[in-house]
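Going line by line, the protein sequences match chains A and B. Mapping to the working numbering: the first sequence position 77 is 145, numbers consecutive. Mapping to the working numbering: the second sequence position 45 is 53, numbers consecutive.
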Amino acid sequence: MDGPLVNAPLRPDVSTTSVAEETIKAEVRGLSFFYASGMQALKSVTMSLAENKVTALIGPSGCGKSTLLRCFNRMHDLYPGNRYDGEIVIHPDGVNVLGPQVDPIEMRMRMSMVFQKPNPFPKSIYENVAYGLRVRGVKRAGLIDEQVERALTDSALWGEVKDRLQDQAYNLSGGQQQRLCIARALAVEPEILLFDEPTSALDPIATASIEELIAELRSRVTILIVTHNMQQAARVSDYTAFMYLGELVEFGDADDFFTNPKQKRTEDYITGRYG
Amino acid sequence: MAAELASSNRMEPQALRALIGRNKQSDKVFAIIGLLAMLVGVFALLWLLIGLAMDGGSRISWQFLTSFPSRHADKAGILSAWVGTTLVMLVTTFSAVPVGIAAGVYLEEYARRNWITDVIEINVTNLAGVPSIVYGLLALGLFVYGLGFGQSILSAGLTLGLLILPVVIVSTREAIRSVPVAMREAAYALGATRWQTVHDHVLPYSTGGILTGIILGLSRAIGETAPIITIGALTFIAFLPPAPITNEPPFISFEWLMAPFTVMPIQMFNWLSRPQAAFLNNAAAAGLILVLMTVSMNALAIWLRYRFRKKIKW
Chain A
69 MDGPLVNAPL
79 RPDVSTTSVA
89 EETIKAEVRG
99 LSFFYASGMQ
109 ALKSVTMSLA
119 ENKVTALIGP
129 SGCGKSTLLR
139 CFNRMHDLYP
149 GNRYDGEIVI
159 HPDGVNVLGP
169 QVDPIEMRMR
179 MSMVFQKPNP
189 FPKSIYENVA
199 YGLRVRGVKR
209 AGLIDEQVER
219 ALTDSALWGE
229 VKDRLQDQAY
239 NLSGGQQQRL
249 CIARALAVEP
259 EILLFDEPTS
269 ALDPIATASI
279 EELIAELRSR
289 VTILIVTHNM
299 QQAARVSDYT
309 AFMYLGELVE
319 FGDADDFFTN
329 PKQKRTEDYI
339 TGRYG
Chain B
9 MAAELASSNR
19 MEPQALRALI
29 GRNKQSDKVF
39 AIIGLLAMLV
49 GVFALLWLLI
59 GLAMDGGSRI
69 SWQFLTSFPS
79 RHADKAGILS
89 AWVGTTLVML
99 VTTFSAVPVG
109 IAAGVYLEEY
119 ARRNWITDVI
129 EINVTNLAGV
139 PSIVYGLLAL
149 GLFVYGLGFG
159 QSILSAGLTL
169 GLLILPVVIV
179 STREAIRSVP
189 VAMREAAYAL
199 GATRWQTVHD
209 HVLPYSTGGI
219 LTGIILGLSR
229 AIGETAPIIT
239 IGALTFIAFL
249 PPAPITNEPP
259 FISFEWLMAP
269 FTVMPIQMFN
279 WLSRPQAAFL
289 NNAAAAGLIL
299 VLMTVSMNAL
309 AIWLRYRFRK
319 KIKW
């Protein structure tokens with residue numbers, strides 16, 4: 069532990085009171101993370117995700133917010149030498165995502181991820197959305213058709229692409245590509261949707277449409293979004309966490325967080341004094 | 009003081025123009041050196057081709073392609089040689105391609121990074137530079153005598169397969185490495201296994217590069233003489249290997265694999281060692297056809313790369 073002041077990231081009363089009335093979908097408990105280089109990117113982070121709510125992670129570059137997000141679906145396991153310490157417990161079954169017996173693939177099947185830069189496969193629009201289902205061994209064409217249409221509708225893309233599902237995905241604009249990636253993530257009906265700065269490569273109009281989409285999805289799926297755009301966090305999130313140098317500085321209800329930050333460092337950050 | 013410093017360091021437009029002019033001088037010098045270097049290559053090849061065409065062009069005819077070698081230069085042809093080359097290449101392709109791609113994929117996507125893989129990597133790269141006659145010696149011991157394949161098409165194909173294996177492995181790895189990390193992560197994030205990611209994404213997106221490597225390897229193999237001589241190809245052969253398709257069930261025969269054979273470079277070499285000038289013309293004609301075979305393989309490589317790259321963008 070780094071001493072009481074520095075390590076006052078989460079005052080239990082702040083987080084528990086604010087998330088208490090909600091159903092908890094996931095709990096991060098004392099999570100530390102070390103990259104293969106030995107660099108510690110997360111320092112004993114503890115927080116929870118409320119079910120069917122949007123939780124935003126904000127903080128300056130290199131504060132560990134993306135690292136935390138990528139712990140949820142065990143993306144760090146793709147690269148050798150990375151090490152987790154602590155727990156991420158998913159409810160209702162109470163499984164520890166980081167448990168040694170847990171298969172990372174199971175976690176990736178239960179959570180979907182949308183990346184910073186739109187990364188559609190160089191395949192058709194249809195195949196992009198269908199791929200998650202194919203991985204899950206879905207063979208029935210009718211079922212896949214249905215899911216593809218539903219996912220594209222949910223990602224507000226169906227109207228624009230329904231007549232050209234067999235077109236290559238890279239013919240879409242950047243914003244459309246990112247919505248396609250959201251459709252790809254939604255088609256497998258994930259329990260948690262992870263967004264890693266989904267609008268940082270998009271123009272303001274495309275950004276607005278993605279934010280709208282997140283607002284619509286919030287009632288149906290638990291969302292964790294990383295953003296370095298504070299206005300975005302204020303617009304889309306129900307709960308907000310501020311991270312700095314691998315620590316969770318403050319976490320709480322979004323309205324409180326932005327209007328009445330409890331920590332000096334949070335206040336400095338949201339008022340633009342650094343970051 | 010500060011203003012003075014700034015103005016004294018700033019260059020006058022006149023001086024700037026002079027400087028740019030001098031900088032551009034070296035641009036011109038390099039352009040000329042580069043052009044000359046390129047012309048050396050182009051002219052050498054042209055000279056070679058024209059020489060071959062002048063000596064052997066008149067010998068190229070249907071008769072030349074469909075005749076066996078003969079004591080009479082004007083009746084001799086390259087039938088057994090080009091059939092032999094084609095069949096050997098077939099064996100080479102079917103042995104080197106699956107093994108090379110599998111090894112490349114394994115090294116790039118599956119193998120853990122440690123000193124063992126580093127050693128393997130260095131070895132694979134170095135194998136590409138081992139003189140081909142060494143492969144011939146290896147094959148003589150391993151395929152011809154050890155495994156008892158004899159002096160057959162199978163032995164020759166496998167030998168050349170070994171020879172181009174490093175090329176296929178290296179180009180497969182390069183092609184695979186050019187697939188962006190974002191594509192892999194997208195697949196893994198959807199719950200795909202390593203194999204699903206490789207099979208559904210990595211391999212399809214790198215097909216163009218892999219094919220190019222394969223064909224470059226094959227174009228090297230097609231002209232190889234030393235290892236083929238080492239394992240004992242015949243230099244005079246007046247029959248074809250058994251046909252791969254028969255009219256009795258099961259209609260497919262693999263007897264040709266064990267047949268003796270010759271290949272184009274050996275046929276050329278044989279003719280070159282004859283004293284009569286007419287045979288030199290035959291050798292030139294055979295050389296022309298060999299170059300043609302190589303050029304068409306390279307053209308195929310370029311076309312395939314173009315076709316596959318056109319479909320893939322990120």
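Even glycine gets a Cβ: it sits at the ideal position worked out from N, Cα and C. Bear in mind that the values here come from a model prediction, so they are computed numbers and not experimental data.
Kindly list the residues whose CB is nearer than 6 Å to the CB of residue i, restricted to its own chain and excluding five residues on each side of it in sequence; keep chain order.
i                 : result
His-209 (chain B) : Met-191 and Ala-195
Gly-137 (chain B) : none
Given residue i, which residues of its chain have a CB within under 7 Å of its CB, disregarding the five upstream and five downstream residues?
i                 : result
Gln-71 (chain B)  : Gly-85
Pro-250 (chain B) : Ser-261, Glu-263, Trp-264 and Ala-267
Leu-137 (chain A) : Leu-125, Leu-262, Asp-264, Leu-292 and Val-294
Gly-108 (chain B) : Leu-173, Val-176, Ile-177 and Thr-180
Ile-338 (chain A) : Met-298, Phe-326 and Pro-329
Is residue j closer than 7 Å to residue i when the C-beta atoms are compared?
i                 : j                 : result
Val-157 (chain A) : Glu-95 (chain A)  : yes
Tyr-312 (chain A) : Gly-127 (chain A) : yes
Ser-305 (chain A) : Val-122 (chain A) : yes
Leu-99 (chain A)  : Leu-117 (chain A) : no
Ala-255 (chain A) : Gly-200 (chain A) : yes
Arg-25 (chain B)  : Gly-112 (chain B) : no
Met-277 (chain B) : Ile-161 (chain B) : According to the sequence shown, residue 277 (chain B) is Phe rather than Met. No. Outside cutoff.
Met-179 (chain A) : Pro-258 (chain A) : yes
Gly-225 (chain B) : Pro-273 (chain B) : no
Thr-93 (chain B)  : Val-303 (chain B) : no
Gly-165 (chain B) : Thr-100 (chain B) : yes
Ala-104 (chain B) : Gly-169 (chain B) : yes
Leu-280 (chain B) : Ala-292 (chain B) : no
Gly-144 (chain B) : Ile-239 (chain B) : yes
Note down the Cα distance separating residue i from residue j, rounded to an integer number of angstroms.
i                 : j                 : result
Gly-130 (chain A) : Ala-39 (chain B)  : 45 Å
Leu-60 (chain B)  : Lys-207 (chain A) : 59 Å
Asn-17 (chain B)  : Lys-32 (chain B)  : 22 Å
Ala-229 (chain B) : Gln-236 (chain A) : 38 Å
Ser-66 (chain B)  : Gly-216 (chain B) : 38 Å
Thr-243 (chain B) : Gln-275 (chain B) : 6 Å
Ile-193 (chain A) : Leu-248 (chain A) : 8 Å
Ala-283 (chain A) : Val-206 (chain B) : 35 Å
Phe-151 (chain B) : Val-170 (chain A) : 48 Å
Thr-275 (chain A) : Arg-176 (chain A) : 25 Å
Arg-282 (chain B) : Ile-184 (chain B) : 48 Å
Gln-108 (chain A) : Thr-114 (chain A) : 16 Å
Arg-121 (chain B) : Ala-104 (chain A) : 12 Å
Ser-140 (chain B) : Ser-268 (chain A) : 53 Å
Does the beta-carbon of residue i have 16 or more other beta-carbons within 10 angstroms, so that it is buried, or is it exposed?
i                 : result
His-144 (chain A) : buried
Glu-279 (chain A) : buried
Pro-77 (chain A)  : Summary for Pro-77 (chain A): the model assigns pLDDT 40, below 50, so the residue's position carries little reliability; its value from the coordinates is reported in the next sentence. With 16 or more Cβ atoms within 10 Å of its Cβ, Pro-77 (chain A) is classed as buried.
Ile-223 (chain B) : buried
Pro-235 (chain B) : buried
Lys-332 (chain A) : exposed
Lys-83 (chain B)  : exposed
Glu-89 (chain A)  : exposed
Ala-285 (chain B) : exposed
Trp-55 (chain B)  : exposed
Lys-348 (chain A) : For chain A, the structure presents residues 69 to 343; residue 348 (chain A) sits outside this window and is missing.
Arg-341 (chain A) : exposed
Pro-188 (chain A) : buried
Asn-239 (chain A) : exposed
Glu-20 (chain B)  : exposed
Leu-285 (chain A) : buried
Near residue i, what residues of its chain come up, given a Cβ to Cβ distance below 8 Å and the 5 sequence neighbours on each side ignored?
i                 : result
Leu-87 (chain B)  : Leu-73, Thr-74, Ser-75, Phe-76 and Leu-248
Leu-219 (chain B) : Ala-309, Leu-312, Arg-313 and Phe-316
Leu-231 (chain A) : According to the sequence as given, residue 231 (chain A) is Asp; it is not Leu. Answer for Asp-231 (chain A): no residue qualifies.
Ser-223 (chain A) : Arg-247, Leu-248, Ile-250, Ala-251, Leu-254 and Leu-281
Thr-334 (chain A) : Phe-310, Val-317, Glu-318 and Phe-325
Arg-288 (chain A) : Asn-120
TODO: With 8 Å as the limit, tell me which residues of the stretch 191 to 221 of chain B have their beta carbon closer than that to any beta carbon of chain E; keep them in chain order.
DONE: No chain E appears in the structure shown, which is made up of the protein chains A and B.
- [ ] Taking only beta carbons into account, state which residues of the stretch 109 to 125 of chain B come closer than 7 Å to chain A, listed in chain order.
- [x] Arg-120 and Arg-121
- [ ] Closer than 9 Å, Cβ to Cβ, to anything on chain B: give me those residues from the stretch 165 to 181 of chain A, in chain order.
- [x] Pro-172, Ile-173, Glu-174, Met-175, Arg-176, Met-177, Arg-178, Met-179, Ser-180 and Met-181
- [ ] Return the residues of the stretch 204 to 233 of chain A that lie within a Cβ-Cβ distance of less than 9 Å from chain B, sorted by chain order.
- [x] Result list: Arg-204.
Open item on the list: Counting only Cβ-Cβ distances shorter than 8 Å, please list the residues of the stretch 125 to 152 of chain A near chain B, keeping chain order.
Closed with: Asn-141, Met-143, Leu-146 and Pro-148
Task: chain B contacts made by the stretch 90 to 119 of chain A, where a contact means CB separation under 7 Å - done: none
Task: Residues, ordered as in the chain, of the stretch 300 to 320 of chain B that lie near chain A by beta-carbon distance below 8 Å - done: Across the stretch 300 to 320 of chain B, CB contacts with chain A closer than 8 Å involve Lys-319 and Ile-320, in sequence order along the chain.
TODO: Anything in the stretch 238 to 250 of chain A with a Cβ closer than 8 Å to a Cβ of chain B? List those residues in chain order, please.
DONE: Tyr-238 and Cys-249
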